[in-house]
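K.L.:
Under this note's numbering, think of the first position of the sequence shown as 151, with each following residue one higher.
For every residue, glycine included, the Cβ atom is placed at its ideal position computed from N, Cα and C.
This one's a predicted model, so the numbers in the text were calculated from it and none came from an experiment.
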Amino acid sequence: MAFDGSAIQALLQGAVAKGAVHGVAAIVVDRHGVLFQGAAGEATSNTLFRNASMTKAVATTAALQLVEQGRLQLDATVASILPEFAQLQVLDGFDGDQPQLRAPASQATVRQLMTHTAGLGYFFTSDKLMRYLVQTGTPNPLSGEKRSLSAPMVNDPGTAWAYGVNTDWLGLVVEKIAGQSLAGHLQQTVYGPLGMVDSSFEPSAAQRARLLRVMQRQADGTLAPSVHDLPAQSEWDAAGHGSYGSIQDYGRFVQAWLNDGAGILQPATVQMALQPQIGSIALPAVIKSALPELSNDVPLLPVPQSWGLGFHLTLADLPGMRSQGTADWAGVFNSYYWIDRSKGVGGVLMTQLLPFFDMPVIETLMGFEMAVYQQVGAAVPAP
151 MAFDGSAIQA LLQGAVAKGA VHGVAAIVVD RHGVLFQGAA GEATSNTLFR
201 NASMTKAVAT TAALQLVEQG RLQLDATVAS ILPEFAQLQV LDGFDGDQPQ
251 LRAPASQATV RQLMTHTAGL GYFFTSDKLM RYLVQTGTPN PLSGEKRSLS
301 APMVNDPGTA WAYGVNTDWL GLVVEKIAGQ SLAGHLQQTV YGPLGMVDSS
351 FEPSAAQRAR LLRVMQRQAD GTLAPSVHDL PAQSEWDAAG HGSYGSIQDY
401 GRFVQAWLND GAGILQPATV QMALQPQIGS IALPAVIKSA LPELSNDVPL
451 LPVPQSWGLG FHLTLADLPG MRSQGTADWA GVFNSYYWID RSKGVGGVLM
501 TQLLPFFDMP VIETLMGFEM AVYQQVGAAV PAP
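(1) Return the Cβ separation of glycine 481 and valine 522 in integer angstroms, given the expectation that the two are a contact with Cβ distance under 8 Å.
(2) Out of curiosity, what's the CA-to-CA distance linking valine 324 and threonine 501?
(3) If you draw a straight line from the C-alpha of leucine 198 to the C-alpha of serine 396, how long is it?
(4) Which of the three DSSP states, helix, strand or coil, is assigned to glutamine 455?
(5) Would you mind working out which of Val347, Glu234, Gln237, Thr211 sits nearest arginine 261, comparing C-alpha positions?
(6) Going straight from the alpha carbon of glycine 517 to that of glutamine 248, what length do you get?
(7) With distance defined between alpha-carbon atoms, name the residue in Gln219, Pro469, Asn484, Ile489 nearest to glycine 475.
(8) With a cut-off of 8 Å, do at least 3 Cβ pairs link the stretch 302-312 to the stretch 227-242?
(9) With C-beta atoms as the reference, is leucine 424 less than 8 Å away from glycine 458?
(10) Could you round the C-beta distance between arginine 191 and valine 174 to whole angstroms and report it? I think they count as a contact, below 8 Å.
(11) Looking at the structure shown, is alanine 528 part of a helix, part of a strand, or coil, going by DSSP?
(12) Relative to the alpha-carbon of phenylalanine 461, which residue among Ala207, Gly392, Thr286, Ala157 has its alpha-carbon at the smallest distance?
(13) Mind pulling the alpha helix (DSSP H) runs of 4 or more residues that sit fully within the stretch 289-348?
(14) Tell me the DSSP bridge mates of phenylalanine 199?
(15) Could you name the residues that DSSP lists as bridge partners for proline 375?
(16) How long is the line joining the alpha carbons of valine 574 and glycine 345, rounded to whole angstroms?
(17) Can you tell me where the beta strand (DSSP E) holding isoleucine 177 begins and where it ends?
(18) Could you tell me the distance, in whole angstroms, from the CA atom of alanine 369 to the CA atom of glycine 183?
(19) Among the residues of its own chain, which have a CB less than 8 Å from the CB of proline 426, if the five just before and after it don't count?
(20) Quick check: leucine 515 and arginine 367, are their CB atoms within less than 8 Å of each other?
(21) Would you tell me roughly how many angstroms separate the C-alpha atoms of leucine 161 and glutamine 187, rounded to the nearest one?
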């Protein structure tokens with residue numbers, strides 16, 4: 151049965167027409183190729199996007215390749231590879247205006263970087279870290295200043311799941327072992343092999359001209375140009391948020407993970423990475439925002455879920471939607487993807503709009519996912 155994308159294209163156009171987005175693109179892939187791609191509004195098939203945290207899965211893939219090669223051990227301490235990591239302390243709170251810092255109770259590992267359990271936080275999801283940055287004048291990671299990574303931990307390693315700069319440090323691990331920049335390494339190991347021709351950390355002037363502008367949801371529901379953007383220059387290739395690319399490029403990446411890592415990873419590595427890796431640590435019911443203009447609170451669905459190596463995992467079938475074991479994540483500019491290896495299908499929806507977890511975009515995303523599964527049906531395709 152041919153995949154009919156007309157309902158998805160209508161959904162995208164409807165989202166623009168009702169003001170949910172100014173521009174949006176979507177792609178659906180299976181193990182063999184592209185089932186659908188479309189765009190609406192200010193986005194076209196040629197548009198580039200700030201991947202933001204969708205960079206994380208790609209950088210983690212490069213680290214997993216080093217694990218396969220025996221050059222990196224998952225349970226090695228981060229400090230054994232990057233001695234500067236040993237200087238990070240845990241922020242317990244404040245005595246008046248004075249930050250209360252102490253040594254971590256254990257050493258964070260590479261695996262914990264991949265699972266966001268290394269103790270590191272983000273300024274926009276941690277009130278105490280936000281307060282620390284304000285009071286000490288420490289820059290945040292979106293400033294492009296590398297010293298932003300020296301901000302303290304918010305938990306002891308291995309004790310809690312906290313979204314943070316874990317993958318930025320993982321990118322530095324990759325650079326140290328590979329002996330080259332993350333951008334150069336990804337070009338050789340992921341971008342090049344998969345034909346991700348528009349993916350980079352430093353878009354050319356011609357590529358920048360293809361970027362969809364960032365819009366900000368206003369209190370009255372309308373959209374206006376946003377003052378927030380990724381820095382024009384960054385002091386490091388930020389594995390947590392710093393890449394740019396097209397939706398076609400990200401579709402190729404999703405397809406590789408659907409397809410047992412074809413071209414970039416071994417099947418056993420893919421299977422390992424998409425197993426729960428955080429033991430009894432529970433994900434928070436809500437990822438609270440400390441900066442509402444950048445992100446809304448993000449409530450997690452009340453279903454079993456966990457975290458693999460680089461991916462959020464849904465551990466239950468969602469009726470009419472993704473299957474148990476599906477991997478996913480997103481980028482702060484309201485871009486989203488999922489990888490459903492059980493049904494052999496993945497999807498990417500990209501826009502450039504703040505704050506994250508914008509309800510009109512989420513409604514569009516859910517409509518997109520349901521439209522995909524109405525097409526692929528309940529039949530599980532042959533691998």
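P.N.:
In short, the structure shows the following:
(1) Actually they are not in contact, since the Cβ atoms of glycine 481 and valine 522 sit about 19 Å apart, beyond 8 Å.
(2) 29 Å
(3) 5 Å
(4) strand
(5) Thr211
(6) 48 Å
(7) Ile489
(8) yes
(9) yes
(10) One point to set straight first is that residue 191 is glycine, not arginine, in the sequence displayed. Rounded, the Cβ-Cβ distance is 6 Å, consistent with contact.
(11) At alanine 528 the pLDDT is 43, less than 50, meaning the model places this residue with poor confidence; the figure from the coordinates comes in the next sentence. Residue state, collapsed to three classes: coil.
(12) Ala207
(13) 316-328, 332-336
(14) Gly395
(15) Met365
(16) For the chain, the structure presents residues 151 to 533; residue 574 sits outside this window and is missing.
(17) 173-180
(18) 41 Å
(19) Ser456, Trp457, Gly458, Leu463, Leu465
(20) no
(21) 13 Å
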